[in-house]
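Residue numbers (my numbering), protein chains in the order written: chain X, 7 to 119; chain B, 4 to 118.
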Amino acid sequence: NAGVTQTPKFQVLKTGQSMTLQCAQDMNHNSMYWYRQDPGMGLRLIYYSASEGTTDKGEVPNGYNVSRLNKREFSLRLESAAPSQTSVYFCASSEQGGIYEQYFGPGTRLTVT
Amino acid sequence: AQTVTQSQPEMSVQEAETVTLSCTYDTSENNYYLFWYKQPPSRQMILVIRQEAYKQQNATENRFSVNFQKAAKSFSLKISDSQLGDTAMYFCAFSTQGGSEKLVFGKGTKLTVNP
Numbered sequence: 007n008a009g010v011t012q013t014p015k016f017q018v019l020k021t022g023q024s025m026t027l028q029c030a031q032d033m034n035h036n037s038m039y040w041y042r043q044d045p046g047m048g049l050r051l052i053y054y055s056a057s058e059g060t061t062d063k064g065e066v067p068n069g070y071n072v073s074r075l076n077k078r079e080f081s082l083r084l085e086s087a088a089p090s091q092t093s094v095y096f097c098a099s100s101e102q103g104g105i106y107e108q109y110f111g112p113g114t115r116l117t118v119t
Numbered sequence: 004a005q006t007v008t009q010s011q012p013e014m015s016v017q018e019a020e021t022v023t024l025s026c027t028y029d030t031s032e033n034n035y036y037l038f039w040y041k042q043p044p045s046r047q048m049i050l051v052i053r054q055e056a057y058k059q060q061n062a063t064e065n066r067f068s069v070n071f072q073k074a075a076k077s078f079s080l081k082i083s084d085s086q087l088g089d090t091a092m093y094f095c096a097f098s099t100q101g102g103s104e105k106l107v108f109g110k111g112t113k114l115t116v117n118p
């Protein structure tokens, strides 16, 4: 039982490049989330998927897209990376919605130069 | 909009002592849930404690307990018998029941436990 896994763990991009962050959970959870963590800002929600087949914007969605590929997988795509997207990205999942415990992946440290 | 405020960016405590981390929140909802998450230097976020707003009894988990004051919209975390492994960032978070499924986080308190 791996919980929530994320790939890659580290990534360096040049401005304008694109990439996809992958996330998978093996707990049969319905809800999945993408957050970014910046110093002094806490965690901010980028996008979430309340259940398979649905996605919704969070607090900071600009510059990102997501795909809920199936119940297990939820990917985050940066189409044209910008230095402002330098951050640590966390994927999380929960049984159903924000009132339940969220289980987090180990994070991806992304640097955009 | 719901907001969560942690007024102490950093705190320190001696090993074996007790420390309290503050959290206040703002909401017009009546049914909601409050959480404390811990993020050690390894970066792995884990749940410390969860409180349901309709329950008057304060939640406890071993050395961790909360002081939940609904009228004051306050949700502080008390760590008793602090251990070196408690050194971490602590985030207070809030979610409404039947709402938009979003968990709103505070900006965190960095706690250092000194030997």
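Yeah, the Cβ is synthetic: ideal placement off N, Cα and C, and Gly gets one too.
Exercise. Which ranges does the beta strand (DSSP E) cover as unbroken runs of at least 3 residues, wholly within the stretch 28–84 of chain X, from first to last along the chain?
Worked result: For the stretch 28–84 of chain X, the full-length beta strand (DSSP E) segments reaching 3 residues or more read 37–44, 48–55, 70–74, 80–84 along the chain.
Problem set entry | Arg23 of chain X, DSSP secondary structure in three states | The residue labelled residue 23 of chain X in the question sits at position 17 within the first sequence. Looking at the sequence provided, one finds Gln at residue 23 of chain X rather than Arg. Gln23 of chain X falls in the coil class under three-state DSSP.
Problem set entry | Local conformation of Leu106 of chain B per DSSP, three classes | Residue mapping note: residue 106 of chain B aligns to position 103 of the second sequence, counting from 1. In the structure shown, Leu106 of chain B sits in coil (DSSP, three-state: anything other than H, G, I, E or B).
For this session: Following the continuous beta strand (DSSP E) through Ala91 of chain B, name the residue where it begins and the one where it ends.
Result: To locate residue 91 of chain B, count along the second sequence from 1; it is residue 88. Taken as a continuous stretch (DSSP letters only), the beta strand (DSSP E) holding Ala91 of chain B covers 91–99.
Exercise. What number of angstroms, rounded off, separates the C-alpha of Asn33 of chain B from the C-alpha of Ser90 of chain X?
Worked result: As a position in the second sequence, residue 33 of chain B is number 30, starting the count at 1. As a position in the first sequence, residue 90 of chain X is number 84, starting the count at 1. Straight through space, the alpha carbons of Ser90 of chain X and Asn33 of chain B are spaced by roughly 37 Å.
Problem set entry | Gln108 of chain X - DSSP class collapsed to helix/strand/coil | The residue given as residue 108 of chain X occupies position 102 in the first sequence. Here Gln108 of chain X sits in coil by DSSP.
Problem set entry | the stretch 88–96 of chain B in contact with the stretch 38–56 of chain B per 3-pair CB rule at 8 Å | Segments in contact, yes.
Problem set entry | DSSP beta-bridge partners of Ala98 of chain X | Along the first sequence, read from residue 1 onward, the residue named residue 98 of chain X stands at position 92. In the DSSP output, where bridge partners are listed per residue, Ala98 of chain X has X:Tyr39, X:Phe110.
For this session: Give the single residue among X:Thr21, X:Tyr39, X:Ser93, X:Tyr106 whose Cα lies nearest to the Cα of Arg74 of chain X.
Result: To locate residue 74 of chain X, count along the first sequence from 1; it is residue 68. Per the Cα distances, X:Tyr39.
Exercise. By a C-beta neighbour count over all protein chains shown, 10 Å radius and 16 as the cutoff for buried, is Ser24 of chain X buried or exposed?
Worked result: The residue given as residue 24 of chain X occupies position 18 in the first sequence. With fewer than 16 other Cβ atoms within 10 Å, it is exposed.
For this session: Starting from Asn61 of chain B, trace the beta strand (DSSP E) both ways and give me its first and last residue.
Result: Residue numbering aside, residue 61 of chain B sits at position 58 when the second sequence is read from its first letter. For Asn61 of chain B, there is no enclosing beta strand (DSSP E), as DSSP marks it with neither H nor E.
Exercise. For Gln47 of chain B and chain X, any beta-carbon pair shorter than 8 Å?
Worked result: The residue labelled residue 47 of chain B in the question sits at position 44 within the second sequence. Output row for Gln47 of chain B: interface = yes.
Problem set entry | Assigned secondary structure, Ser83 of chain B (DSSP; H/G/I helix, E/B strand, else coil) | Locating residue 83 of chain B in the second sequence gives position 80, counting from the first residue. The answer is coil: DSSP assigns Ser83 of chain B none of H, G, I, E or B.
Exercise. Which residues, taken in chain order from the stretch 24–39 of chain B, show a beta carbon closer than 7 Å to some beta carbon of chain X?
Worked result: Listed by position along the chain: Tyr36.
Problem set entry | Where the beta strand (DSSP E) containing Met14 of chain B begins and where it ends | What you label residue 14 of chain B is simply residue 11 of the second sequence in a count that begins at 1. Counting along the chain, the unbroken beta strand (DSSP E) around Met14 of chain B starts and ends at 13–17.
For this session: Would you grab the beta carbon distance between Ser98 of chain B and Tyr36 of chain B for me? Rounded to a whole angstrom, and I think it's under 8 Å.
Result: Locating residue 98 of chain B in the second sequence gives position 95, where the first residue counts as 1. Locating residue 36 of chain B in the second sequence gives position 33, where the first residue counts as 1. The C-beta distance from Ser98 of chain B to Tyr36 of chain B rounds to 5 Å, short enough to fall under 8 Å.
Problem set entry | Ile52 of chain X: contacting residues in chain B (beta-carbon distance under 8 Å) | Position 46 of the first sequence holds residue 52 of chain X. Neighbourhood of Ile52 of chain X in chain B, by CB distance below 8 Å: empty, with the nearest CB roughly 11 Å away.
Exercise. Looking only at its own chain, which residues have a Cβ that is under 8 Å from the Cβ of Asn129 of chain X, when we skip the five neighbours before and after it?
Worked result: No answer is possible for residue 129 of chain X: it lies beyond the span of chain X, which begins at 7 and ends at 119.
For this session: Taking Gln42 of chain B as part of the beta strand (DSSP E), name the residues at either end of that continuous run.
Result: Along the second sequence, one-based indexing puts residue 42 of chain B at 39. Start and end: 35–42.
Exercise. With 8 Å set as the bound, which would you pick, yes or no: does the beta-carbon of Pro14 of chain X sit closer than that to a beta-carbon of chain B?
Worked result: Stepping through the first sequence from its first residue, residue 14 of chain X is reached at position 8. Answer no: the Cβ-Cβ gap between Pro14 of chain X and chain B never drops below 8 Å.
Exercise. If you run the structure through DSSP and keep just helix, strand and coil, what is Ser77 of chain B?
Worked result: In the second sequence, the residue the question calls residue 77 of chain B occupies position 74. Note: Ser77 of chain B maps to strand in three-state DSSP.
Problem set entry | Anticipated Cβ contact below 8 Å, Val10 of chain X with Cys97 of chain X, distance rounded | On the first sequence, residue 10 of chain X is found 4 positions in, with the first residue counted as 1. On the first sequence, residue 97 of chain X is found 91 positions in, with the first residue counted as 1. Between Cys97 of chain X and Val10 of chain X the Cβ distance is about 6 Å, and since that is below 8 Å, they are a contact.
For this session: Check each candidate in X:Arg115, X:Lys15, X:Gln108, X:Ser86 and name the one with the smallest Cα separation from Gly69 of chain X.
Result: Position 63 of the first sequence, counting from 1, holds the residue named residue 69 of chain X. Minimum Cα distance to Gly69 of chain X is reached at X:Ser86.
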